[in-house]
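What follows is a set of notes on a single structure, which appears directly below.
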């Protein structure tokens, strides 16, 4: 049974905030890793070349 | 034990291990999250006093656990930095701070969203809530300190000392509900005489706790891998600049 009642706004807001903040953090972490890896490849190529 | 600690002190070996572990960690996190959410929404019954609002607990409590675990982990890493001089300890310490801060912010926001319908107020300055807010401010302070000191070794030392001093807040948060008369309810899971909540509510909470711990560990691995790359980049660029300077002088 999906549990919602007259306080459903607070319940949904809690889950919304949690998943939004965590989702954003995961996205930023993944992007930062991808950017660092790209930069490392570029710098290594520049130094080797 | 000490040997095992130093086996993965080599950043290259650590990165190799992280690359192997990460896909499994991501899969385990998603699986635990799905099972935990199913339990929280479809299995756990409403509370006889709180009604359906009890479902906020399944995100609020794991976030509180992770924010305290984050600082505890940072304190152990601080000891690793100051006492054992483990090369990855300060990396772990630096990466754990923003993850702990996000969990702490989630704990405070969801707690507030639970407090309004249950207590009739968004916030009270009771010992548990205040000590949790102090933890968030400490997280933000440590993140600022990492950014303020440019030299990584100096920054690690300064942050380690602040982290160890701040560790006093962890037992204060945990026992605040026992030491002082608080509006926040006392512990119902992590108790010496065992949990006081029904198993139908307990297992979804524990699975959500596991999912949060796995997410924390996954983010730590990705973050540490990124930090190691960024440090390598910094070294490469400094070496390159020094080499250019030498050539120009000659």
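Chains as they are written, first to last, in our numbering: chain A, 8 to 56; chain B, 19 to 268. Ideal Cβ placement from N, Cα and C applies to all residues, glycine included.
Residue i versus residue j: straight-line alpha-carbon distance, rounded
| i | j | result |
| --- | --- | --- |
| residue 142 of chain B | residue 254 of chain B | 51 angstroms |
| residue 163 of chain B | residue 173 of chain B | 7 angstroms |
| residue 259 of chain B | residue 27 of chain B | 28 angstroms |
| residue 30 of chain B | residue 42 of chain A | 19 angstroms |
| residue 63 of chain B | residue 23 of chain A | 21 angstroms |
| residue 48 of chain B | residue 54 of chain B | 10 angstroms |
| residue 124 of chain B | residue 28 of chain A | 8 angstroms |
| residue 175 of chain B | residue 95 of chain B | 11 angstroms |
| residue 190 of chain B | residue 50 of chain A | 47 angstroms |
| residue 152 of chain B | residue 268 of chain B | 56 angstroms |
| residue 186 of chain B | residue 265 of chain B | 53 angstroms |
| residue 33 of chain A | residue 98 of chain B | 27 angstroms |
| residue 78 of chain B | residue 42 of chain B | 26 angstroms |
N- and C-terminal bounds of the alpha helix (DSSP H) containing residue i
| i | result |
| --- | --- |
| residue 22 of chain A | 15 to 55 |
| residue 42 of chain B | 29 to 56 |
| residue 257 of chain B | 217 to 267 |
| residue 170 of chain B | 170 to 184 |
| residue 151 of chain B | 145 to 166 |
| residue 76 of chain B | 75 to 97 |
| residue 193 of chain B | 187 to 197 |
Sub-8 angstroms separation of residue i and residue j beta-carbons
| i | j | result |
| --- | --- | --- |
| residue 113 of chain B | residue 245 of chain B | yes |
| residue 181 of chain B | residue 93 of chain B | yes |
| residue 117 of chain B | residue 237 of chain B | yes |
| residue 184 of chain B | residue 156 of chain B | yes |
| residue 239 of chain B | residue 40 of chain B | yes |
| residue 147 of chain B | residue 202 of chain B | yes |
| residue 17 of chain A | residue 135 of chain B | yes |
| residue 47 of chain A | residue 106 of chain B | no |
| residue 83 of chain B | residue 212 of chain B | no |
| residue 81 of chain B | residue 230 of chain B | yes |
Own chain, CB closer than 8 angstroms to residue i, minus 5 neighbours either side, in chain order
| i | result |
| --- | --- |
| residue 38 of chain B | none |
| residue 133 of chain B | 139, 140, 141, 142 |
| residue 215 of chain B | 206, 207, 223 |
| residue 242 of chain B | 32, 36, 106, 109, 110, 113 |
| residue 179 of chain B | 96, 100 |
Spatial neighbours of residue i in its chain, beta-carbon cut-off 7 angstroms, leaving aside the 5 residues before and after
| i | result |
| --- | --- |
| residue 68 of chain B | 136 |
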